[in-house]
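Everything below concerns the one structure shown next.
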Amino acid sequence: MTQTAPSLTQQDIARIARRIDRPIVLVGLMGVGKSTVGRRLANLIGVDFVDVDDEIERAADRSVAEIFEEFGEPYFRNGERRVMGRLIGEKQGVIATGGGAFVDPETRGLIREKAISVWLDCDIETLVERTARRDSRPLLRQGDPHAILLDLKERRSGSYSQADCHVVTDDGPHNATALRILEAIDSWL
Numbered sequence: 001m002t003q004t005a006p007s008l009t010q011q012d013i014a015r016i017a018r019r020i021d022r023p024i025v026l027v028g029l030m031g032v033g034k035s036t037v038g039r040r041l042a043n044l045i046g047v048d049f050v051d052v053d054d055e056i057e058r059a060a061d062r063s064v065a066e067i068f069e070e071f072g073e074p075y076f077r078n079g080e081r082r083v084m085g086r087l088i089g090e091k092q093g094v095i096a097t098g099g100g101a102f103v104d105p106e107t108r109g110l111i112r113e114k115a116i117s118v119w120l121d122c123d124i125e126t127l128v129e130r131t132a133r134r135d136s137r138p139l140l141r142q143g144d145p146h147a148i149l150l151d152l153k154e155r156r157s158g159s160y161s162q163a164d165c166h167v168v169t170d171d172g173p174h175n176a177t178a179l180r181i182l183e184a185i186d187s188w189l
């Protein structure tokens with residue numbers, strides 16, 4: 001389902017950007033577009049963008065998949081929480097999290113206290129199609145991606161629903177999704 005693109009002017013975008021006084025943290029399942037849309041959003045409002053998974057990989061000098069494989073998910077989530085704390089403390093502009101970050105109660109508490117959280121959401125069929133483009137998703141290597149994503153969505157939606165804003169993504173232009181995020185944040189502020 002394609003949604004109508006918001007009709008925000010440059011003045012509207014600048015006004016909203018001035019009201020944003022803390023980092024924007026994008027949460028949601030893998031494949032919803034946190035990194036792609038996050039870059040567009042950061043560009044629109046003139047702030048930095050950072051992907052938590054990229055920061056973790058840089059710090060560990062190995063991929064997320066390798067960390068999962070060698071040390072397990074609890075170890076990864078602990079490192080992810082520390083990286084989130086550092087990034088939020090540095091007042092990074094737009095931060096894209098890994099799909100499980102906001103499910104962790106401590107990480108979710110940190111984000112809710114010190115950032116604006118935005119849940120990006122979309123239908124399972126779109127997630128399956130998007131995640132099939134890359135073989136770097138450790139959780140999808142354990143069976144049927146459709147079944148895994150459906151299970152993850154059911155288990156994680158309760159946590160994601162605690163985000164400050166909820167924006168449904170679709171196959172439309174990423175810029176339109178970024179504008180919908182700004183409208184949601186404007187309403188929330």
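The numbers in the UniProt record's numbering rise by one with no breaks, and the one at position 188 of the sequence shown is 188. Just so it is clear, CB atoms sit at the ideal spot from N, CA and C, and this is done for glycine as well.
Practice task
Taking L149 as the reference, give the member of E129, C165, D164 and H166 with the closest Cα.
Solution key: E129
Exercise for the section: Run the proximity test for T169: is its beta-carbon closer than 6 Å to any non-hydrogen atom belonging to the ligand ADP? Expected result: The ligand ADP is absent from the structure shown, which contains no ligands of any kind.
Practice task
Please classify T9: is it buried, with 16 or more other beta-carbons within 10 angstroms of its beta-carbon, or exposed?
Solution key: exposed
Practice task
Under 8 Å by Cβ, that's how I've got D48 and G99 pegged, so tell me the actual separation to the nearest angstrom.
Solution key: Actually they do not touch by this definition, with Cβ atoms about 22 Å apart.
Handout entry: Neighbourhood of T2 by C-beta, 8 Å cutoff - its chain only, sequence neighbours within 5 removed
Key = Note that T2 scores a pLDDT of 46, beneath 50, so its modelled location is shaky and nothing firm can be said.
Practice task
Indicate whether the contact test is met: 3 or more Cβ pairs, each with one atom in the region 109 to 129 and one in the region 78 to 94, closer than 8 Å.
Solution key: yes
Exercise for the section: Specify, as a first and last residue, the run of the beta strand (DSSP E) that R96 falls within. Expected result: The question names Arg, but residue 96 is Ala in the sequence shown. Where A96 is concerned, the enclosing beta strand (DSSP E) stretches over V94 to A96.
Handout entry: Per-residue DSSP class, three states only, for S161
Key = coil
Practice task
Classify M1 as helix, strand or coil using the three-state DSSP reduction.
Solution key: Interpretation of M1 is limited by its pLDDT of 44, a score under 50 that renders its predicted location unreliable; no figure is taken from the coordinates.
Practice task
With DSSP as the reference, please indicate the residues paired to V128 in a beta bridge.
Solution key: According to DSSP, V128 bridges with nothing at all.
Problem - Span of the beta strand (DSSP E), counted from its first residue to its last, around I20 - result: Premise fails: I20 is in no beta strand (DSSP E) and is neither H nor E.
Problem - Cβ-Cβ separation, I56 to G79 (assumed contact under 8 Å), whole Å - result: 6 Å
Handout entry: Status (buried if at least 16 other CB within 10 Å, exposed otherwise) for W119
Key = buried
Handout entry: Span separating the alpha-carbon of I181 from that of E154
Key = 23 Å
Problem - T36 and H174 closer than 7 Å at C-beta - result: yes
Practice task
Report the three-state DSSP secondary structure of S117 (helix, strand or coil).
Solution key: strand
Problem - Element boundaries [alpha helix (DSSP H), containing V83] - result: E73 to G89
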